[in-house]
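Residue numbers (the UniProt record's numbering), protein chains in the order written: chain A, 1 to 292; chain B, 1 to 292.
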């Protein structure tokens with residue numbers, strides 16, 4: 001008879017399955033740091049063995065220490081370096097505060113409204129993600145716990161230079177952030193030459209949804225729009241997209257290339273070459289913009 | 001008592017774990033199409049539900065229909081458009097034949113030697129991956145089933161313009177393809193201005209290994225080298241790298257931008273903007289080239 005000579009160490013893995021893709025991925029969890037049900041969603045925080053701390057919303061990983069910089073830099077910097085002089089920025093969602101941190105690196109910014117529906121996401125991020133939330137006390141930032149759809153509906157015409165929609169996927173609390181009415185309001189409250197950036201799902205698995213986002217953006221009056229793709233681990237499928245659109249001008253007009261090269265802050269992903277790549281449309285994404 | 005009213009459909013998932021990363025991913029398998037043990041490795045072919053046909057070598061996914069184009073295009077086109085007039089190309093490994101297909105799209109190419117150690121990989125690819133192996137009958141291509149390390153050691157000085165090392169990871173049959181001696185031979189058998197491209201692992205998880213590859217490349221005499229990162233699903237971790245190095249010239253010298261724009265074949269990923277992005281060094285990769 002065999003004797004068990006040492007207790008096997010148990011392994012805990014969190015698995016995220018992307019519906020309809022035949023793909024799932026797992027992160028090894030060292031410790032469950034936090035779990036609660038907020039008024040809006042289930043919120044968990046894990047200490048993982050390979051990705052640092054990770055936040056999970058309704059079963060989908062929202063952010064991890066390891067790869068957050070790809071997403072947050074792409075959501076913030078291309079738009080802010082295309083705009084001639086961005087002063088006022090609106091962030092919808094963005095509860096982990098990583099986009100807010102990147103936006104505030106730009107010295108020209110006078111004011112940022114961040115409108116997150118779920119205060120608990122911000123409070124939990126402040127506790128477990130100090131690097132992401134380091135700028136939350138910046139006097140230029142106003143963090144408001146309100147409905148982003150209503151905020152945009154009620155905002156004055158031409159009141160923002162850049163809008164960043166850092167939302168979860170278009171099911172659950174973020175559903176209203178993917179519609180034509182919302183984009184039309186974004187267009188209305190932007191100044192001329194202003195830009196909107198939206199999280200727009202997987203370019204490999206959700207091309208139909210991505211195409212629909214661009215149809216809606218152009219339908220809402222935006223003069224130009226483009227999908228930007230970048231690496232992600234935690235959003236599944238290896239590559240993810242954000243889409244950028246501009247009011248009244250082309251995305252390539254007046255890009256501040258010298259300011260990109262001479263930016264007075266450090267980036268881990270974004271630079272001139274990456275900007276160029278982000279604004280390129282690879283052949284496999286051509287259907288997304290065809291017929292617009 | 002409950003009655004079972006329908007048989008639950010069983011689900012088959014193939015899981016690949018990246019050692020030491022706390023990350024694993026899974027593809028849903030609809031059918032095992034083929035399985036054998038070759039003289040060199042275990043070889044399986046799956047029909048997956050989300051990625052088409054996938055080939056697995058020693059438990060690691062080597063290629064899938066869904067995302068093969070990212071890898072194969074990056075392995076072939078940047079080097080072939082940097083070189084002023086590439087005539088003779090050597091592919092080491094490359095058994096799925098996708099790199100060969102991309103190389104042969106270039107009309108200037110006179111001759112390609114593809115040296116794959118495991119004939120079974122090519123034969124199985126010819127059976128299950130018709131799109132990848134469509135160019136195998138091209139009269140410019142010589143497919144040889146030999147040891148790539150010996151081939152490079154025995155090749156004449158200055159006998160190739162471009163060498164592409166499309167290998168598996170540096171364990172098992174490909175181990176000899178990641179060393180200083182091999183790179184020195186590559187340098188010797190390249191013409192002046194010639195380029196080598198090597199599969200160089202994950203930029204997020206294997207940065208030490210990637211840095212070592214660049215130390216070896218520069219140590220072997222290459223005048224310039226650069227890591228190129230691109231999306232992958234099946235290589236795990238969302239982003240992967242290939243590294244490119246050049247004999248006697250900088251990688252940016254004489255890039256044939258007009259030929260990139262006017263290429264007489266279709267690409268799904270590579271173009272001018274992607275080339276620019278691939279040749280950019282994001283901040284998080286700076287340690288890979290520091291001190292070289």
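Each residue gets a CB set at the ideal place from its N, CA and C atoms; glycine is no exception. Here the structure is a predicted model, which is why all the values come from computation and not from measurement.
Rounded separation between residue i and residue j - CA only
{"i": "residue 282 of chain A", "j": "residue 164 of chain B", "result": "23 angstroms"}
{"i": "residue 1 of chain A", "j": "residue 99 of chain A", "result": "Low confidence applies to residue 1 of chain A: its pLDDT is 45, below 50, so where it sits in the model is not reliable enough to give any reading."}
{"i": "residue 74 of chain B", "j": "residue 151 of chain A", "result": "44 angstroms"}
{"i": "residue 194 of chain A", "j": "residue 231 of chain B", "result": "30 angstroms"}
{"i": "residue 285 of chain B", "j": "residue 10 of chain B", "result": "43 angstroms"}
{"i": "residue 242 of chain B", "j": "residue 156 of chain B", "result": "25 angstroms"}
{"i": "residue 35 of chain A", "j": "residue 49 of chain A", "result": "18 angstroms"}
{"i": "residue 189 of chain A", "j": "residue 247 of chain A", "result": "10 angstroms"}
{"i": "residue 266 of chain A", "j": "residue 102 of chain A", "result": "10 angstroms"}
{"i": "residue 120 of chain A", "j": "residue 38 of chain A", "result": "7 angstroms"}
{"i": "residue 261 of chain B", "j": "residue 271 of chain B", "result": "7 angstroms"}
{"i": "residue 135 of chain A", "j": "residue 88 of chain A", "result": "16 angstroms"}
{"i": "residue 217 of chain B", "j": "residue 196 of chain B", "result": "9 angstroms"}
{"i": "residue 79 of chain B", "j": "residue 27 of chain A", "result": "36 angstroms"}
{"i": "residue 287 of chain A", "j": "residue 224 of chain A", "result": "16 angstroms"}
{"i": "residue 30 of chain A", "j": "residue 23 of chain B", "result": "12 angstroms"}
{"i": "residue 51 of chain B", "j": "residue 21 of chain B", "result": "23 angstroms"}
{"i": "residue 209 of chain A", "j": "residue 201 of chain A", "result": "8 angstroms"}
{"i": "residue 67 of chain A", "j": "residue 144 of chain B", "result": "41 angstroms"}
{"i": "residue 105 of chain B", "j": "residue 263 of chain B", "result": "9 angstroms"}
{"i": "residue 258 of chain B", "j": "residue 228 of chain A", "result": "24 angstroms"}
{"i": "residue 169 of chain A", "j": "residue 131 of chain A", "result": "24 angstroms"}
{"i": "residue 146 of chain A", "j": "residue 16 of chain B", "result": "42 angstroms"}
{"i": "residue 185 of chain A", "j": "residue 153 of chain A", "result": "6 angstroms"}
{"i": "residue 254 of chain B", "j": "residue 76 of chain B", "result": "17 angstroms"}
{"i": "residue 126 of chain A", "j": "residue 53 of chain A", "result": "12 angstroms"}
{"i": "residue 179 of chain A", "j": "residue 250 of chain A", "result": "22 angstroms"}
Residues that residue i bridges to, as DSSP identifies them
{"i": "residue 111 of chain A", "result": "A:88"}
{"i": "residue 234 of chain B", "result": "The partner list for residue 234 of chain B (beta bridge, DSSP) is empty, contrary to what the question assumes."}
{"i": "residue 100 of chain A", "result": "The partner list for residue 100 of chain A (beta bridge, DSSP) is empty, contrary to what the question assumes."}
{"i": "residue 239 of chain A", "result": "A:231"}
{"i": "residue 55 of chain A", "result": "A:45, A:63"}
{"i": "residue 224 of chain A", "result": "A:246"}
{"i": "residue 94 of chain B", "result": "None; residue 94 of chain B has no bridge partner."}
First and last residue of the uninterrupted alpha helix (DSSP H) at residue i
{"i": "residue 207 of chain B", "result": "207–219"}
{"i": "residue 194 of chain B", "result": "Counting along the chain, residue 194 of chain B falls outside any alpha helix (DSSP H), though it belongs to the beta strand (DSSP E) covering 190–199."}
{"i": "residue 18 of chain A", "result": "First-last for residue 18 of chain A: 13–18, but that is the beta strand (DSSP E), not the alpha helix (DSSP H)."}
{"i": "residue 80 of chain A", "result": "68–82"}
{"i": "residue 128 of chain A", "result": "119–128"}
{"i": "residue 286 of chain B", "result": "286–289"}
{"i": "residue 154 of chain A", "result": "148–154"}
{"i": "residue 259 of chain B", "result": "257–261"}
Cβ separation of residue i and residue j, assumed to be a contact under 8 angstroms, to the nearest whole Å
{"i": "residue 177 of chain B", "j": "residue 91 of chain B", "result": "Not really, about 12 angstroms apart at Cβ, beyond 8 angstroms."}
{"i": "residue 293 of chain A", "j": "residue 56 of chain A", "result": "Chain A is shown from 1 up to 292; residue 293 of chain A falls before or after that span and cannot be answered."}
{"i": "residue 167 of chain A", "j": "residue 199 of chain A", "result": "5 angstroms"}
{"i": "residue 275 of chain A", "j": "residue 221 of chain A", "result": "The Cβ separation is near 25 angstroms, so there is no contact."}
{"i": "residue 33 of chain B", "j": "residue 47 of chain B", "result": "5 angstroms"}
{"i": "residue 273 of chain A", "j": "residue 277 of chain B", "result": "5 angstroms"}
{"i": "residue 268 of chain A", "j": "residue 69 of chain A", "result": "4 angstroms"}
{"i": "residue 95 of chain A", "j": "residue 122 of chain A", "result": "5 angstroms"}
{"i": "residue 204 of chain A", "j": "residue 239 of chain A", "result": "6 angstroms"}
{"i": "residue 85 of chain A", "j": "residue 108 of chain A", "result": "6 angstroms"}
{"i": "residue 138 of chain A", "j": "residue 40 of chain A", "result": "Actually they do not touch by this definition, with Cβ atoms about 25 angstroms apart."}
Residue range of the unbroken beta strand (DSSP E) whose run includes residue i
{"i": "residue 163 of chain A", "result": "160–166"}
{"i": "residue 270 of chain A", "result": "First-last for residue 270 of chain A: undefined, no H or E at that position."}
{"i": "residue 293 of chain A", "result": "Since the displayed chain A opens at 1 and closes at 292, residue 293 of chain A lies outside it and no answer follows."}
{"i": "residue 33 of chain A", "result": "23–37"}
Residue i: CB within 8 angstroms of a non-hydrogen atom of the ligand MN
{"i": "residue 232 of chain A", "result": "Inclusion of the ligand MN in the displayed structure is not the case, the ligand content being empty and no account of it being possible."}
Within 7 angstroms of chain B by C-beta, residues of the stretch 23–40 of chain A in sequence order: 23, 24, 25, 26, 27, 28
Residues in the stretch 44–70 of chain B having any Cβ partner in chain A nearer than 9 angstroms: 48, 49, 50, 51, 66, 67, 69, 70
Where the stretch 180–208 of chain B meets chain A: residues whose CB sits under 9 angstroms from a CB there: 203, 204, 205
Contact residues within the stretch 255–273 of chain B, judged by C-beta distance below 9 angstroms to chain A: 266, 267, 268, 269, 270, 271, 272, 273
Within 9 angstroms of chain B by C-beta, residues of the stretch 225–239 of chain A in sequence order: 229, 230, 231, 232, 233, 234, 235, 236, 237, 238, 239
Members of the stretch 126–139 of chain B that neighbour chain A once the beta carbon cut-off is set at 7 angstroms: none
Chain B contacts from the stretch 273–285 of chain A (Cβ-Cβ distance under 7 angstroms): 273, 274, 276, 277, 279, 280, 282, 283, 284
Contact set between the stretch 144–168 of chain B and chain A, restricted to residues whose Cβ is under 9 angstroms from the partner: none
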